[in-house]
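If you read the sequences in order, they're chains A and B.
Going by the working numbering, the residue at position 69 of the first sequence is 69; the numbering climbs one at a time, nothing skipped.
Going by the working numbering, the residue at position 82 of the second sequence is 1082; the numbering climbs one at a time, nothing skipped.
Quick notes on the structure that follows.
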Amino acid sequence: MLLIIATILGCLTNFLRSPQLAWRGAWAQHVEQRAWQAGIRLVGPTAVRHAIETGRPKILDARPTIDFHTCHIPEAQSLPFELATEMLTSMQIDLGRDPAIITYCARPDCDEGLELALLLRRSGFTNVLLFAGGLTEWQLSGGRIEASP
Amino acid sequence: MKINRVQTVVRWSLSLLFLVAAAPKLAAPQELALAIFRYHLLPANLINLSALVLPWVELVAAATLLLAAPAWRKAAAVLLALLLAVFTTAIAMSLARGLDITCGCFTLKPGIGQMGAWSITRNLALLVLTLWVGREPRAEHSV
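Shown next, in the form of C-alpha cells:
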C-alpha cells in the first residue's frame, strides 16, 4: 500500500512539475553509457582534485583552444579533440610513455572528452580515464578554474 | 518501559533522517536520475521512473514511521529496511567494480558524498536500527 501511494505521488508530482522529467530518459545514448560500454573508466571531481595535487594522472582538456584559454581546470593541458590526431603525430604535446590521463570537456552532455579518450586509447595509451561531468560538474563541486593568457 | 522510550526516540530520529534524505531527491529528480544512472545497475528505461518514485517511497515510509499507527509503522520499517538493503548492495557492487561515483544518499551535489566502506557501515547500522524499531514491543502501542 505504501509503495502504491508513493508511486502515485511520484507520477502525479511529475505531471504537475515544469519541466517534467521524461518518463524514459535517453540514458542509453548518454556519453557515460557509451564510455562504460567502451570500457573507459569514469572518474569524478575527487579524482580530478587528486590529479591536480599529485600531478598524476595528467589532465587533458578536449575543448577548442579558445575555450581552454577562457577557463580550464588547474594543471590541465589543452588537447582539442579536433586537433588531437595532428598534435599527437607531430609531437606537439608530450604525454610521456604510458601516463595515466584524465580527459574532460565542457558539460556532461558533450562528447569531445570521450572521443579524445577513445582516440588516445587507439593511439596506445592504456590508462585513459574520463571525467564526464566536465567543467560544469567541476565548478558545481566547488572546483576552482584558471584562465590562460 | 525505558527501552520503549529509547525505541521511540530512535524511530523519530530515523524518520527525520529519511525525510532529510528524501528532500534533495524530491527537489532535483534530474540529478537523482543521473546519480542512479551512474551506478550502471538499472536498465535505461527504468532510471527516470525510479528517480520519480524512489524519493516518495522514502518520504511516505518515513512519515508513516513517524506518525502512523503501530501496524503501519511496522510496514514502513520493513519498507525502509528493504530500501537500505538495496542501496547497500548497490554501493557494495559499485565499490567492487571500482566506480568513482558519489552515493546520492543525502545530497546530489557533485563531488559530495563520495562512497566508500563508510557508506556500507552506515547503511548497515541504519538497517539494524530500522529493523529494531519495526519490532516494537506491545507496551509501545499504548504510547
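Just so it is clear, CB atoms sit at the ideal spot from N, CA and C, and this is done for glycine as well.
Quick caveat: nothing in here was measured; it's all calculated off a predicted structure.
Rounded separation between residue i and residue j - CA only
i	j	result
residue 1014 of chain B	residue 51 of chain A	38 Å
residue 124 of chain A	residue 1099 of chain B	23 Å
residue 1136 of chain B	residue 109 of chain A	49 Å
residue 3 of chain A	residue 1057 of chain B	6 Å
residue 62 of chain A	residue 43 of chain A	16 Å
residue 65 of chain A	residue 12 of chain A	46 Å
Continuous beta strand (DSSP E) stretch holding residue i: start and end
i	result
residue 1025 of chain B	Where residue 1025 of chain B is concerned, there is no enclosing beta strand (DSSP E), although the alpha helix (DSSP H) it sits in stretches over 1002-1027.
residue 58 of chain A	58-61
residue 1041 of chain B	No beta strand (DSSP E) holds residue 1041 of chain B; DSSP gives it neither H nor E.
residue 103 of chain A	101-104
residue 130 of chain A	128-130
Minimum Cβ-Cβ distance from residue i to chain D less than 8 Å
i	result
residue 24 of chain A	This model lacks chain D altogether; the protein chains it does include are A and B.
Extent of the continuous alpha helix (DSSP H) to which residue i belongs
i	result
residue 12 of chain A	2-16
residue 1046 of chain B	1044-1067
residue 43 of chain A	Counting along the chain, residue 43 of chain A falls outside any alpha helix (DSSP H), and DSSP gives it neither H nor E.
Listed by chain order, chain B residues near residue i by CB distance under 8 Å
i	result
residue 28 of chain A	1044
residue 127 of chain A	By Cβ distance, chain B contributes nothing, its closest Cβ being about 13 Å from residue 127 of chain A, past 8 Å.
Contact set for residue i: own chain, Cβ-Cβ below 6 Å, skip 5 residues either direction
i	result
residue 117 of chain A	40, 103, 128, 130
residue 1039 of chain B	1090, 1094
residue 1033 of chain B	1047, 1048, 1051
residue 1143 of chain B	Reliability fails at residue 1143 of chain B, whose pLDDT of 39 lies under 50, so the model's placement of it is uncertain and the value that follows must be treated cautiously. Excluding residues within five positions, none has a Cβ falling inside 6 Å.
Cβ-Cβ distance between residue i and residue j below 8 Å
i	j	result
residue 56 of chain A	residue 100 of chain A	yes
residue 36 of chain A	residue 1048 of chain B	no
residue 1085 of chain B	residue 1134 of chain B	no
Per-residue contacts from residue i into chain B (C-beta, under 7 Å)
i	result
residue 5 of chain A	1060
residue 11 of chain A	1052
Cβ neighbours of residue i in the same chain (closer than 8 Å, five flanking residues each side left out)
i	result
residue 34 of chain A	111, 114
residue 1075 of chain B	1064
residue 75 of chain A	51, 52, 55, 59
Listed by chain order, chain B residues near residue i by CB distance under 9 Å
i	result
residue 155 of chain A	This structure cannot settle anything about residue 155 of chain A, because the visible part of chain A is limited to 1 through 149.
Residue i Cβ short of 7 Å to the ligand PLP heavy atom set
i	result
residue 1064 of chain B	No copy of the ligand PLP appears in this structure; indeed no ligand is present at all.
Within chain A, the residues that residue i reaches when beta carbons sit closer than 7 Å
i	result
residue 1118 of chain B	In chain order: nothing, as chain A lies at least about 14 Å away.
residue 1145 of chain B	For chain B, the structure presents residues 1001 to 1143; residue 1145 of chain B sits outside this window and is missing.
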